[in-house]
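For the sequence shown, our numbering begins at 166 and goes up steadily by one.
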Amino acid sequence: MQEEDLSQGPDESGAAATSAPNAPRPTQTELPAPATYTPGPTLTPVEATATPVPSEPTATAEPWYGEFEGTFYRGSPSAPVRLIDYSDFL
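Take a look at the structure:
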(Lines of atoms letter the chains of each structure in order from A and count residues from 1; the text may use other names and numbers.)
(Lines give C-alpha, C1' and ligand atoms only; values in the text may rest on other atoms or scores of the structure.)
Protein backbone atom coordinates (compact mmCIF):
# COMPACT_ATOMS: atom_id res chain seq x y z
CA MET A 1 0.00 0.00 0.00
CA GLN A 2 1.27 3.46 -0.87
CA GLU A 3 1.55 6.23 1.67
CA GLU A 4 0.26 9.58 0.56
CA ASP A 5 2.23 12.75 1.24
CA LEU A 6 -0.24 15.08 3.01
CA SER A 7 2.19 17.95 3.60
CA GLN A 8 0.97 19.70 0.43
CA GLY A 9 -2.70 18.87 1.02
CA PRO A 10 -4.71 15.87 -0.18
CA ASP A 11 -4.05 14.36 -3.57
CA GLU A 12 -6.69 15.74 -5.95
CA SER A 13 -6.10 13.23 -8.69
CA GLY A 14 -8.22 10.49 -7.07
CA ALA A 15 -11.95 9.91 -7.38
CA ALA A 16 -12.57 10.86 -3.75
CA ALA A 17 -11.28 14.35 -4.35
CA THR A 18 -13.73 15.04 -7.17
CA SER A 19 -16.80 14.18 -5.09
CA ALA A 20 -15.86 16.36 -2.10
CA PRO A 21 -16.92 20.02 -2.27
CA ASN A 22 -14.20 22.62 -2.30
CA ALA A 23 -14.59 24.66 0.85
CA PRO A 24 -13.11 28.15 0.78
CA ARG A 25 -10.14 28.67 3.02
CA PRO A 26 -10.75 30.89 6.06
CA THR A 27 -9.44 34.43 5.70
CA GLN A 28 -7.96 36.71 8.28
CA THR A 29 -10.39 39.61 8.70
CA GLU A 30 -10.06 42.41 11.16
CA LEU A 31 -12.79 43.09 13.67
CA PRO A 32 -14.58 46.40 13.16
CA ALA A 33 -13.41 49.24 15.34
CA PRO A 34 -15.71 50.20 18.22
CA ALA A 35 -18.01 53.13 17.58
CA THR A 36 -16.48 56.40 18.69
CA TYR A 37 -19.30 58.74 17.68
CA THR A 38 -21.21 60.15 20.62
CA PRO A 39 -24.15 62.42 19.79
CA GLY A 40 -23.94 65.86 21.32
CA PRO A 41 -26.67 67.61 23.28
CA THR A 42 -29.53 69.23 21.40
CA LEU A 43 -29.33 72.95 20.74
CA THR A 44 -32.90 73.73 21.79
CA PRO A 45 -33.90 73.02 25.37
CA VAL A 46 -36.75 70.61 25.88
CA GLU A 47 -39.44 71.96 28.14
CA ALA A 48 -41.09 69.71 30.68
CA THR A 49 -44.69 68.90 29.93
CA ALA A 50 -47.38 69.25 32.54
CA THR A 51 -48.67 65.98 33.88
CA PRO A 52 -52.41 65.55 33.63
CA VAL A 53 -54.36 65.48 36.85
CA PRO A 54 -55.91 62.06 37.40
CA SER A 55 -59.68 62.13 37.37
CA GLU A 56 -62.23 59.79 38.83
CA PRO A 57 -63.60 57.28 36.34
CA THR A 58 -67.18 57.91 35.43
CA ALA A 59 -69.50 55.00 36.04
CA THR A 60 -71.84 54.58 33.12
CA ALA A 61 -74.68 52.18 33.57
CA GLU A 62 -74.48 49.43 31.01
CA PRO A 63 -77.87 47.96 30.28
CA TRP A 64 -78.50 44.39 31.40
CA TYR A 65 -81.70 42.54 30.87
CA GLY A 66 -82.99 39.07 31.49
CA GLU A 67 -85.46 36.93 29.66
CA PHE A 68 -88.17 34.81 31.20
CA GLU A 69 -85.97 31.70 30.93
CA GLY A 70 -83.45 33.26 33.31
CA THR A 71 -80.85 34.04 30.64
CA PHE A 72 -79.18 37.40 31.18
CA TYR A 73 -77.92 39.54 28.33
CA ARG A 74 -75.68 42.58 28.35
CA GLY A 75 -76.39 45.53 26.08
CA SER A 76 -79.41 46.69 24.18
CA PRO A 77 -82.21 44.13 23.79
CA SER A 78 -82.65 45.18 20.16
CA ALA A 79 -78.96 44.76 19.25
CA PRO A 80 -78.16 42.37 16.39
CA VAL A 81 -75.54 40.57 18.53
CA ARG A 82 -76.12 39.44 22.11
CA LEU A 83 -73.46 38.73 24.69
CA ILE A 84 -74.70 35.92 26.90
CA ASP A 85 -73.32 35.90 30.44
CA TYR A 86 -72.86 32.43 31.93
CA SER A 87 -71.26 33.73 35.11
CA ASP A 88 -72.32 32.46 38.52
CA PHE A 89 -71.04 35.62 40.19
CA LEU A 90 -74.01 37.89 39.45
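No residue lacks a Cβ here, since even glycine has one placed at the ideal position from N, Cα and C.
Helix, strand or coil, according to DSSP, for residue 202 in the structure here?
Three-state result, residue 202: coil.
If I measure Cβ to Cβ from residue 231 and keep anything under 6 Å in the same chain, skipping five residues before and after, which residues do I get?
These residues qualify, in order along the chain: 237.
Terminal residues of the continuous beta strand (DSSP E) containing residue 231?
From DSSP, the beta strand (DSSP E) with residue 231 extends over 229-231.
What separation, rounded to the nearest whole angstrom, lies between the Cα atoms of residue 229 and residue 242?
Rounded to the nearest angstrom, the two C-alpha atoms are 8 Å apart.
Just verifying my parser: in three-state terms, what is the DSSP assignment at residue 239?
DSSP places residue 239 in strand when its eight states are reduced to three.
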